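In this note's numbering, the protein residues as written are 12 to 141.
Input: a single structure, listed below in structure tokens.
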Amino acid sequence: MKSSKLARREAKGLFRASLVNGVMDENRVREAFRLVIAQKPRGYAGILSHLERLVKLEVVRRSAHVESPVELDAEMKAKLQASLTKTYGPGLTMTFGSNPALLGGLRIKVGSDVYDGSVLARLNALQETF
12 MKSSKLARRE
22 AKGLFRASLV
32 NGVMDENRVR
42 EAFRLVIAQK
52 PRGYAGILSH
62 LERLVKLEVV
72 RRSAHVESPV
82 ELDAEMKAKL
92 QASLTKTYGP
102 GLTMTFGSNP
112 ALLGGLRIKV
122 GSDVYDGSVL
132 ARLNALQETF
């Protein structure tokens, strides 16, 4: 469904109002949805759909997934979290997983950014050159 320019502007304003120190506040987002549903302004369906889209994009942008061949210890996880928080800002949701196929190194995905320093990626790159 295509939303009007006014609906997108309203949704963007509501989304900005839900940010606290640059981090999305879940309770404020819920309150914004409740407010729009209760008031039912003109084009409220477009406002809700665009606001939902903005929230989904923010959740993806603020999530990080780290893969390693073995389970990382707590110290390494803390260092990674500190480094990624320094780069991407506060409010980053981290998940850690193990993938033995990587052979060594790390694969980090934050939003649409992928940092692949794994041995598997290097072997695949080497294979492509031949």
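Cβ coordinates follow ideal geometry from the N, Cα and C atoms, glycine included.
Because the structure is a prediction, the values reported are computed rather than measured.
Exercise for the section: Just tell me which of G100, L114, A112 and Y126 has its CA closest to the CA of M35. Expected result: G100
Handout entry: Which residues DSSP lists as bridging I58, in chain order
Key = I58 pairs with nothing; no bridge assigned.
Exercise for the section: Within 10 angstroms of the Cβ of A112, are there 16 or more other Cβ atoms? Answer buried if so, exposed if not. Expected result: exposed
Handout entry: Nearest-angstrom Cα separation, counted from S74 out to L17
Key = 30 angstroms
Handout entry: V75 - containing beta strand (DSSP E), residue span
Key = Here residue 75 is Ala; the residue named in the question, Val, does not match the sequence. Looking at the DSSP string, the run of the beta strand (DSSP E) that includes A75 is S74 to S79.
Handout entry: Residues bridged to M35 (per DSSP)
Key = L30
Exercise for the section: Quick one: grab the DSSP three-state call for S109. Expected result: strand
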